[in-house]
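S.K.: Numbering (our numbering), first residue to last: 209 to 627.
Just so it is clear, CB atoms sit at the ideal spot from N, CA and C, and this is done for glycine as well.
These figures come from a predicted structure and were not determined experimentally.
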């Protein structure tokens with residue numbers, strides 16, 4: 209029965225609403241309990257047929273509620289009945305460690321415009337976190353339960369990941385992930401993927417007990433169109449407002465100066481793909497400005513005060529610059545047992561210089577004006593430009609983990625690589 213602060217709020221990893229665990233209702237789960245409609249869950253999921261699920265038990269009131277603001281009873285099997293805490297706003301079941309007061313979810317907001325390749329970035333990042341980076345950087349990764357709108361039941365996040373991004377790794381014919389459909393047309397994207405990362409501190413005199421660091425990572429794929437047009441404001445707003453860190457995905461070839469560096473054939477392919485994907489050219493700063501508007505409205509943030517959360521500016525499709533820029537931007541970084549602060553710092557400074565040279569320095573101006581802690585990164589999820597039918601060859605990603613590792617480093621989850 210963990211003791212907790214009476215002022216501590218948790219953030220639902222599904223609807224991003226904030227509340228104290230004492231105010232969380234429970235779902236009574238038992239083979240002997242009759243299921244019933246849950247209209248609150250149905251409204252959140254955006255489905256016409258109200259889900260039939262286990263009944264909701266309201267949060268305790270009065271003295272019991274007051275006591276639960278200081279300690280929370282551990283939820284476990286009691287005579288074949290489980291009372292699983294749920295979010296009071298969307299009625300989604302909370303991750304077990306969160307519902308028992310042991311852990312909060314850290315939301316890493318990844319925000320991008322329509323041409324930034326965000327969905328491909330999600331898919332490749334998660335695949336490499338599981339198959340490469342967990343061992344290289346030094347952490348364990350576990351898939352937590354999410355929710356399937358197709359089955360109207362809880363499923364593992366890894367199952368949803370394969371359904372959403374599996375085309376990237378189809379051995380018969382790899383295909384890039386199509387542009388994410390806006391939330392009002394595809395309510396499936398309202399459901400995030402949740403993974404638990406666990407890392408141990410290195411042995412040292414000052415770290416005698418070697419307690420593990422644990423973080424629940426929430427991956428939410430907001431459609432670029434929704435971001436640019438400020439639709440789905442309620443959900444997107446809470447997502448950004450409660451983020452522990454933000455990754456802004458920027459398509460550098462939205463700048464004419466970047467496109468002009470490319471060979472004629474490649475430049476025309478990019479122009480054609482942007483017309484097919486978006487119909488209009490998105491400004492590279494749209495995603496940043498949308499997030500800033502949201503944070504200022506929801507936080508009542510003073511316009512002259514900088515945000516304290518770490519923010520990474522991520523230039524995508526960086527493979528296109530191979531051979532065109534004389535720098536280490538397109539060189540893959542090795543994170544041997546932690547975050548490679550030195551190499552990533554060099555790349556960040558080189559990207560700053562490149563932006564200034566190509567008359568795109570307003571990106572740094574915006575970040576410097578609104579964020580205390582920010583850095584620049586260059587990534588490529590696929591390693592090459594997809595064909596017109598979205599088919600791709602061998603995936604050769606470049607530095608897709610660097611921005612996330614920088615955020616985790618700033619949050620104290622990762623240590624720097626030891627020299």
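#1: Is residue 319 closer than 8 Å to residue 426 when the C-beta atoms are compared?
#2: Give a yes or no on contact between the region 557–575 and the region 462–473, applying the rule of three or more CB pairs nearer than 8 Å.
#3: Whose C-alpha, out of 331, 292, 338 and 371, is nearest the C-alpha of residue 237?
#4: Kindly give me the distance between the Cβ atoms of residue 500 and residue 578, rounded to whole angstroms, as I take these residues to be in contact under 8 Å.
#5: Whose C-beta lies closer than 7 Å to the C-beta of residue 257 among residues of the same chain, with five residues either side of it excluded?
#6: Would you mind reading off the limits of the beta strand (DSSP E) that contains residue 350?
#7: Which of helix, strand or coil does DSSP assign to residue 425?
#8: Taking only the alpha-carbon atoms, compute the straight-line gap between residue 323 and residue 370 and give it to the nearest angstrom.
#9: Let me know if residue 335 comes out buried or exposed under the rule of 16 or more other beta-carbons within 10 Å of its beta-carbon.
#10: Taking C-beta to C-beta, are residue 267 and residue 314 nearer than 8 Å?
#11: Decide if the region 532–542 is in contact with the region 599–608; the criterion is three or more beta carbon pairs, one per stretch, under 8 Å apart.
#12: Within a Cβ cutoff of 6 Å, which residues of the same chain sit near residue 624, ignoring the five residues on either side of it in sequence?
#13: Determine the contact status of residue 252 and residue 298, defining contact as a CB-CB distance below 8 Å.
#14: The alpha helix (DSSP H) with residue 578 in it runs from where to where?
#15: Should residue 327 go down as buried or exposed, given a rule of 16 or more other Cβ atoms within 10 Å for buried?
#16: Drop a sphere of 10 angstroms on the beta-carbon of residue 398, count the other beta-carbons inside from all chains shown, and report buried for 16 or more, exposed for fewer.
#17: Considering only the beta carbon of each residue, do residue 446 and residue 599 sit closer than 8 Å?
#18: Whether or not the region 336–355 and the region 510–526 are in contact is what I'm after, with contact meaning three or more pairs of Cβ atoms, one per stretch, closer than 8 Å; do they touch?
#19: What's the gap between the Cα of residue 201 and the Cα of residue 367?
#20: Beta-carbon within less than 7 Å of residue 247's beta-carbon, same chain only, minus the 5 sequence neighbours each way: which residues are those?
#21: Tell me the residue span of the alpha helix (DSSP H) that contains residue 554.
#22: I need the DSSP call for residue 625, collapsed to helix, strand or coil.
#23: What did DSSP end up calling residue 510 once you bin it into helix, strand or coil?
#24: Any idea what DSSP makes of residue 338, helix, strand or coil?
#25: Taking 8 Å as the limit between beta carbons, can you name the residues of its chain near residue 532, skipping five residues before and five after?
#26: When the distance is taken between beta carbons, is residue 402 closer than 8 Å to residue 365?
#27: From this set, 478, 580, 348 and 561, which residue's C-alpha is nearest residue 454's C-alpha?
#28: Using CA coordinates, which residue listed in 612, 551 and 407 is at the minimum distance from residue 520?
#29: What is the rounded straight-line gap between the Cα of residue 496 and the Cα of residue 458?
#30: Under 8 Å between the Cβ atoms of residue 330 and residue 429?
#31: Output the boundary residues of the beta strand (DSSP E) element that contains residue 314.
#32: Is it buried or exposed, residue 391, if we count other Cβ atoms within 10 angstroms and call 16 or more buried?
#33: Under the DSSP definition of a beta bridge, which residues are partnered with residue 455?
#34: Put residue 229 into one of helix, strand or coil per three-state DSSP.
M.R.: Reading off the structure:
#1: In the chain shown, counting from the first residue as 1, residue 426 sits at position 218. In the chain shown, counting from the first residue as 1, residue 319 sits at position 111. Their beta carbons are not under 8 Å apart, which means residue 426 does not touch residue 319 by this criterion.
#2: Enough Cβ pairs lie closer than 8 Å, so yes.
#3: As a working note, residue 237 is residue 29 in the chain shown. Comparing Cα positions, the closest option is 292.
#4: Residue numbering aside, residue 500 sits at position 292 when the chain shown is read from its first letter. Residue numbering aside, residue 578 sits at position 370 when the chain shown is read from its first letter. Indeed, because the Cβ distance is near 6 Å, the residues count as touching under 8 Å.
#5: Here residue 257 refers to the residue found at position 49 of the chain shown. Excluding residues within five positions, none has a Cβ falling inside 7 Å.
#6: Within the chain shown, residue 350 is the residue found at index 142, counting from 1. Here the beta strand (DSSP E) through residue 350 covers 348–351.
#7: Looking up residue 425 in the chain shown gives position 217. Residue 425: strand per DSSP, three-state reduction.
#8: Taking the first residue of the chain shown as position 1, residue 323 is located at position 115. Taking the first residue of the chain shown as position 1, residue 370 is located at position 162. Rounded to whole angstroms, residue 323 to residue 370 spans 22 Å at the Cα level.
#9: For this step, residue 335 is matched to residue 127 along the chain shown. Buried, because 16 or more other Cβ atoms sit within 10 Å of the Cβ of residue 335.
#10: Counting from one through the chain shown, the residue named residue 267 turns up at place 59. Counting from one through the chain shown, the residue named residue 314 turns up at place 106. The answer is no: Cβ separation not under 8 Å.
#11: In short, these stretches touch, since the Cβ pair count reaches three.
#12: Residue mapping note: residue 624 aligns to position 416 of the chain shown, counting from 1. Only 546, 547 and 549 meet the Cβ criterion.
#13: For the purposes of this step, residue 252 is identified with residue 44 of the chain shown, where counting begins at 1. For the purposes of this step, residue 298 is identified with residue 90 of the chain shown, where counting begins at 1. Contact flag set, yes.
#14: The sequence position of residue 578 within the chain shown is 370, counting from 1. Its alpha helix (DSSP H) spans residues 570–578.
#15: Here the question's residue 327 lines up with position 119 in the chain shown. Label assigned to residue 327: buried.
#16: As a position in the chain shown, residue 398 is number 190, starting the count at 1. With 16 or more other Cβ atoms within 10 Å, it is buried.
#17: What you label residue 446 is simply residue 238 of the chain shown in a count that begins at 1. What you label residue 599 is simply residue 391 of the chain shown in a count that begins at 1. Not a contact, by the Cβ cut-off of 8 Å.
#18: no
#19: Any property of residue 201 remains undetermined from this structure, which presents the chain solely from 209 to 627.
#20: Along the chain shown, one-based indexing puts residue 247 at 39. These residues qualify, in order along the chain: 258.
#21: In the chain shown, residue 554 corresponds to position 346, counting from 1. Counting along the chain, the alpha helix (DSSP H) containing residue 554 begins and ends at 549–565.
#22: Position 417 of the chain shown, counted from the first residue, corresponds to residue 625. Residue 625: coil per DSSP, three-state reduction.
#23: One-based indexing of the chain shown puts residue 510 at position 302. Residue 510: coil per DSSP, three-state reduction.
#24: Working through the chain shown from its first residue, we reach residue 338 at position 130. In this structure, residue 338 counts as helix in the three-state DSSP scheme.
#25: Taking the first residue of the chain shown as position 1, residue 532 is located at position 324. Excluding positions up to five away in sequence, the list reads 469 and 470.
#26: Locating residue 365 in the chain shown gives position 157, where the first residue counts as 1. Locating residue 402 in the chain shown gives position 194, where the first residue counts as 1. Yes. Within cutoff.
#27: As a first step, residue 454 must be located in the chain shown, where it is residue number 246. The shortest Cα separation from residue 454 among 478, 580, 348 and 561 belongs to 580.
#28: Reading the chain shown from its first residue, position 312 is the one you call residue 520. Answer by Cα proximity: 612.
#29: Your numbering for residue 496 matches position 288 in the chain shown. Your numbering for residue 458 matches position 250 in the chain shown. Whole-angstrom Cα-Cα distance: 9 Å.
#30: If you number the chain shown from 1, residue 330 lands on position 122. If you number the chain shown from 1, residue 429 lands on position 221. Taking 8 Å as the Cβ cut-off, residue 330 and residue 429 qualify as a contacting pair.
#31: Counted from its first residue, the chain shown places residue 314 at position 106. Per DSSP, residue 314 belongs to the beta strand (DSSP E) from 313–320.
#32: For the purposes of this step, residue 391 is identified with residue 183 of the chain shown, where counting begins at 1. Legend: pLDDT at residue 391 = 47, less than 50; position of this residue unreliable, value from coordinates given subsequently. It counts as buried.
#33: Against the chain shown, residue 455 aligns to sequence position 247. Paired residue(s): 318 and 520.
#34: Taking the first residue of the chain shown as 1, we reach residue 229 at position 21. Residue 229 falls in the helix class under three-state DSSP.
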